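Mapped onto the numbering used here, the consecutive letters of the sequence shown carry residue numbers 116 to 350.
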Amino acid sequence: MRDESSADFGVRCWRRITTLWPRKLALTVIVNVLFWSFYFFLSRHALRPVHTLAVTWLDRWAGFQPTPWAWVYESIFLLTGITPLLIVSREELRRYVIGFALLSGVCFVTFALFPVASPRPANLGENTFLIFITRMDGPLNAFPSLHAGCLVYTLVLVRRLFGRRLKPAVTVVLLVWAALILFATLATKQHYALDLLAGGLIGWTADWLAWRGSDRADIASVKTRRKSGVASQAG
């Protein structure tokens with residue numbers, strides 16, 4: 116017999132996903148159209164001289180291992196695609212979109228002004244999935260890593276949404292998954308190690324800027340609800 120909390124987990128997730136679903140659907144379409152339009156253009160069109168970055172010991176340690184790491188590399192879209200759907204308030208959704216716009220905007224401006232070619236080799240071997248990825252994803256958007264930026268931004272969002280309610284086992288799974296994704300960016304030679312550091316920092320900063328004052332807003336909201344409750348009881 117399943118534990119009650121486990122049995123209710125799917126129901127709770129579904130309720131979160133369906134909350135504000137028209138707004139979430141509209142924002143998903145708009146954000147994706149804008150994001151991928153800029154992303155694909157800048158990944159293949161250098162507006163300035165193209166640069167390369169220094170290869171670190173981490174890059175050499177990871178080597179080039181497209182199998183199975185190409186699949187792990189793309190698994191980030193499960194995390195970044197599902198997590199925002201678990202938002203349950205308009206204010207959280209607004210702050211998430213603002214932060215994502217900041218993260219994307221800084222990266223896109225950097226791609227335009229300081230394009231860095233990814234360290235991927237000319238010969239990709241026989242890994243058809245990595246070949247597919249590279250045909251879709253141009254080589255000129257290595258620095259900073261949007262992969263790392265979106266990963267950090269999403270992990271912090273998970274923490275904000277669930278806080279102490281997040282079970283330790285789930286936290287461990289997410290952190291291990293994140294570490295594997297970051298390694299995959301190096302093992303597929305989509306990024307330099309320095310890309311990950313820059314992207315992760317931008318993702319964290321975007322979250323911090325987007326959620327500034329949220330604690331004060333939450334306190335004010337609680338006080339408003341309490342006053343409303345007192346007023347209704349007095350009436």
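Don't be surprised by glycine CBs; every beta carbon is placed ideally from N, CA and C. As the structure is a computational prediction, the values presented were derived from the model and not from experiment.
Note that the stretch 251-270 touches the stretch 150-159; at least 3 beta-carbon pairs, one per stretch, sit closer than 8 Å. Nearest in C-alpha terms to Q180, of all of F298, S190, W326, is F298.
Here T269 is buried. Its C-beta has 16 or more other C-beta atoms within 10 Å. For the pair L309 and T286, the Cα-to-Cα distance works out to about 25 Å.
Distance from the CA of L295 to the CA of A232, rounded to the nearest whole angstrom, comes to 23 Å. Collapsing the DSSP output to three states places V231 in a strand. Contact between A325 and L217 holds, with the beta-carbon distance rounding to 6 Å and staying under 8 Å. Between C222 and P259, the gap from beta carbon to beta carbon is short of 8 Å.
Non-local beta-carbon contacts of R159 in its own chain, meaning distances under 6 Å to residues more than five positions away in sequence, involve G253 in chain order.
Closest in C-alpha terms to H166, from the list T243, V291, P137, F226, comes F226. The Cβ atoms of A169 and A302 lie no closer than 8 Å to each other.
Beta-bridge partners of H306 (DSSP): none assigned. For W176, the uninterrupted alpha helix (DSSP H) run begins and ends at 172-177, by DSSP. The Cβ atoms of I191 and H306 lie no closer than 8 Å to each other.
DSSP places H160 outside both helix and strand once states are collapsed to three, so it counts as coil. Straight-line measurement puts the Cα of I202 at about 11 Å from the Cα of W129. Taking the C-beta atoms as reference points, L281 is found nearer than 8 Å to R274. By the neighbour-count definition (other C-beta atoms within 10 Å, threshold 16), G214 is a buried residue. The Cβ atoms of A185 and I145 lie no closer than 8 Å to each other. For V273, the enclosing alpha helix (DSSP H) covers residues 261-277. Non-local beta-carbon contacts of R163 in its own chain, meaning distances under 8 Å to residues more than five positions away in sequence, involve A227, L228, F229, P230 in chain order. Here R131 has L201, V203 as same chain residues with Cβ atoms under 6 Å from its own Cβ, once five neighbours each way along the sequence are excluded.
Looking only at W319, V288, A313, G314, the smallest Cα-Cα distance to L272 is reached by W319.
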